[in-house]
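Visitor:
Okay, here's the thing in structure tokens:
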């Protein structure tokens with residue numbers, strides 16, 4: 055159990071590093087999500103003891119840019135990731151260290167692709183959540199919807215859930231519904247649709263989902279926030 059917790063902490067720190075580096079590289083939301091999934095999938099099959107997680111993370115960022123058609127220059131990935139990881143060191147100069155890091159990521163890219171059987175195109179919850187938010191907005195009174203930052207909270211929760219492996223364990227549409235469900239709970243509101251139908255509102259979006267399934271996902275998401283409190 056201790057080993058699992060240690061791995062979760064390491065993965066949390068690395069994904070946080072990826073988000074910071076991705077922001078500096080102006081990587082968009084979906085490419086960054088793809089990078090996180092590549093990282094998680096790689097270490098689902100491999101041990102953190104056998105590979106440097108930050109090298110894999112940097113490679114995942116570079117690879118995700120290509121997959122999601124937002125290509126990044128390898129030079130920029132090397133420099134930004136190095137600077138993000140080593141904040142107290144001077145910027146990387148064009149010397150042996152730079153070329154070693156550059157070659158590491160370039161060589162690691164093909165290795166990661168092979169480990170994932172070249173399956174690096176993913177169906178993220180983002181498009182489902184976008185659709186659900188647009189749909190559910192019509193069930194609220196306009197003034198009520200405007201008073202609550204439901205969309206902003208939902209996107210923040212979805213972004214944070216990539217710090218853990220919940221994204222690998224459940225269907226993307228179920229994750230989107232669970233994120234929306236958790237968002238409404240956070241704001242202490244219910245969907246007005248409840249008062250007009252015997253069918254739960256979330257069944258409209260994911261017919262094959264169960265309340266138990268959604269609660270499991272929400273529990274996994276909350277575990278990520280609990281984990282964050284233990285990390286300095």
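Residue numbers (the working numbering): 55 to 286.
Glycine included, every Cβ here is placed at the ideal spot set by N, Cα and C.
Every value quoted in this text rests on a predicted model; they were computed, and no experiment measured them.
1. Would you check if the region 115 to 129 and the region 82 to 97 touch, i.e. whether three or more CB-CB distances between them fall below 8 Å?
2. Checking 8 Å against the spacing of the C-beta atoms, do residue 234 and residue 183 come in under that value?
3. Where are the alpha helix (DSSP H) runs, 4 residues long or more, that stay fully inside the region 186 to 254, in chain order?
4. Below 6 Å CB to CB, which residues in the same chain sit around residue 217 once its five sequence neighbours on both sides are set aside?
5. Using CA atoms only, rank isn't needed, just tell me which of 162, 166, 261, 198 is closest to residue 242.
6. I'd like to know whether the C-beta atoms of residue 159 and residue 108 end up nearer to each other than 8 Å.
7. Between which two residues does the alpha helix (DSSP H) carrying residue 139 extend?
8. Is it the case that the Cβ atoms of residue 132 and residue 79 are separated by a distance below 8 Å?
9. Would residue 271 and residue 210 qualify as a contact pair, given that the criterion is a beta-carbon distance under 8 Å?
10. Ignore the nearest five residues each way along the sequence and tell me which others in residue 112's own chain have a CB closer than 7 Å to its CB.
Guide: Well, looking at it:
1. Contact holds: three or more Cβ-Cβ distances are below 8 Å.
2. yes
3. Scanning the region 186 to 254 from its first residue to its last, the whole alpha helix (DSSP H) runs of 4-plus residues come out as 196 to 201, 204 to 215, 220 to 223, 226 to 240.
4. 66, 69, 278
5. 198
6. With a cutoff of 8 Å on beta-carbon distance, residue 159 and residue 108 are scored as not near each other.
7. 128 to 139
8. No, Cβ-Cβ distance for residue 132 and residue 79 is not below 8 Å.
9. No, the Cβ-Cβ distance between residue 271 and residue 210 is not below 8 Å.
10. 131, 135, 159
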